[in-house]
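Enquirer: I have a structure I would like to understand better, so I am pasting it below and will then ask my questions one at a time.
Residue numbers (full-length UniProt numbering): 1 to 224.
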C-alpha cells in the first residue's frame, strides 16, 4: 500500500470511501451544465470538471469561494430548465427546508436532467453549519416521486457491520489523538475493521430481518 492510499484509508470514513467509489462508477452521468451544490472537494473522487460544458460550484457559505452563493431551497439565481446534472453529495441533511430544496432542484433541471445525491442515515451528527435530519429509503422514494422525479438507483451505503466498523474506527481515531499508544492500536486494529466492513456482503446479513435493515446511508440517482 503506497503512502497516499494508506493515508486515505486511515482518515476517510467507510462511507466516504463508498461515496468515492460510487461517484467514480457513475462518472459518465456528469455532462452538459453541472450544478455542484455544497460540493467542496473531499475524498479521492476527481470531479470531471474539464469533461463537461460548464461546472458550477454553489455553496451557502461565501467563504468557500463558490461560483454562486445560494441556498438550495431558494435558487432564484438559477433559471428553470437550465441545468443538465445536479450533484448534491452529503447536502440535504444540512438543509432545513429539504422539500423546498428538492422542488428547486426539479425546477432548474432540464427535461431528463439528473439529480445525484447522497445522505447519511446511521451516522454521527456533523454541523456544516447545521445538521437537521435523516431520511429513510422509504421517505426518499415517497418525496422524490411526489415532486416528479423517477428514481433510477437507490443504493444502500453500508449495513450493520459497516456501521459497527465505522463506530470502532471513530473511537480508535479519538484514542490515537489523545494517547501515545493510540497510533499503534490504530495500526493493529484497522485491518480487522476493514474485514468487518466487508461482512455486509455476506448472505447471513442480507437474509437477516434485523441486520439487513441497519442502513448507513443512501446514494440516489433520480431523473426529471
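Glycine residues also receive a C-beta, built at the ideal position from the N, C-alpha and C atoms. Since the model is a prediction, treat every value here as computed from it, not as a measurement.
Report buried or exposed for residue 90, applying the criterion of at least 16 other Cβ atoms within 10 angstroms of its Cβ.
Expert: Counted from its first residue, the chain shown places residue 90 at position 90. When all chains shown are included, residue 90 counts as buried.
Enquirer: Identify the residues that DSSP records as bridge partners of residue 120: which are they?
Expert: Within the chain shown, numbered from 1, the residue matching residue 120 stands at position 120. Paired residues: 217.
Enquirer: Please report the distance separating the alpha-carbon of residue 206 from that of residue 196.
Expert: Sequence index remark: in the chain shown, residue 206 carries index 206 (1-based). Sequence index remark: in the chain shown, residue 196 carries index 196 (1-based). About 15 Å.
Enquirer: I need the straight-line Cα distance from residue 17 to residue 3, nearest angstrom please.
Expert: Counting from one through the chain shown, the residue named residue 17 turns up at place 17. Counting from one through the chain shown, the residue named residue 3 turns up at place 3. Between residue 17 and residue 3, the C-alpha separation is close to 16 Å.
Enquirer: Please check the pair residue 98 and residue 62, which I expect to be a contact at CB under 8 Å, by giving their CB distance rounded to whole angstroms.
Expert: Sequence index remark: in the chain shown, residue 98 carries index 98 (1-based). Sequence index remark: in the chain shown, residue 62 carries index 62 (1-based). That belief does not hold up - the Cβ atoms of residue 98 and residue 62 are roughly 22 Å apart, past 8 Å.
Enquirer: Return the Cβ separation of residue 83 and residue 110 in integer angstroms, given the expectation that the two are a contact with Cβ distance under 8 Å.
Expert: Position 83 of the chain shown, counted from the first residue, corresponds to residue 83. Position 110 of the chain shown, counted from the first residue, corresponds to residue 110. About 6 Å; that satisfies the 8 Å criterion.
Enquirer: Am I right that residue 160 and residue 222 are in contact with their C-beta atoms under 8 Å? What's the rounded C-beta distance?
Expert: For the purposes of this step, residue 160 is taken as residue 160 along the chain shown, with counting starting at 1. For the purposes of this step, residue 222 is taken as residue 222 along the chain shown, with counting starting at 1. Between residue 222 and residue 160 the Cβ distance is about 26 Å, and since that is not below 8 Å, they are no contact.
Enquirer: Find out if the Cβ-Cβ distance for the pair residue 147, residue 106 is shorter than 7 Å.
Expert: Taking the chain shown and counting its residues from 1, the one referred to as residue 147 is at position 147. Taking the chain shown and counting its residues from 1, the one referred to as residue 106 is at position 106. Yes, these two residues count as a Cβ contact at 7 Å.
Enquirer: Taking the alpha helix (DSSP H) that residue 11 belongs to, which residues open and close that run?
Expert: Reading the chain shown from its first residue, position 11 is the one you call residue 11. Where residue 11 is concerned, the enclosing alpha helix (DSSP H) stretches over 3 to 11.
Enquirer: Just reading off the beta strand (DSSP E) that residue 140 is part of, what are its end residues?
Expert: Looking up residue 140 in the chain shown gives position 140. Counting along the chain, residue 140 falls outside any beta strand (DSSP E), though it belongs to the alpha helix (DSSP H) covering 137 to 147.
Enquirer: Taking residue 12 and residue 35 to be in contact with their CB atoms under 8 Å, please state how far apart those CB atoms are, rounded to whole angstroms.
Expert: For this step, residue 12 is matched to residue 12 along the chain shown. For this step, residue 35 is matched to residue 35 along the chain shown. At roughly 25 Å, the Cβ-Cβ gap does not stay under 8 Å, so residue 12 and residue 35 are not in contact.
Enquirer: Whole alpha helix (DSSP H) runs in the stretch 47 to 130 with 4 or more residues, listed along the chain?
Expert: 98 to 108
Enquirer: Which residues does DSSP list as the beta-bridge partners of residue 223?
Expert: Taking the first residue of the chain shown as 1, we reach residue 223 at position 223. Residue 223 pairs with 114 and 150.
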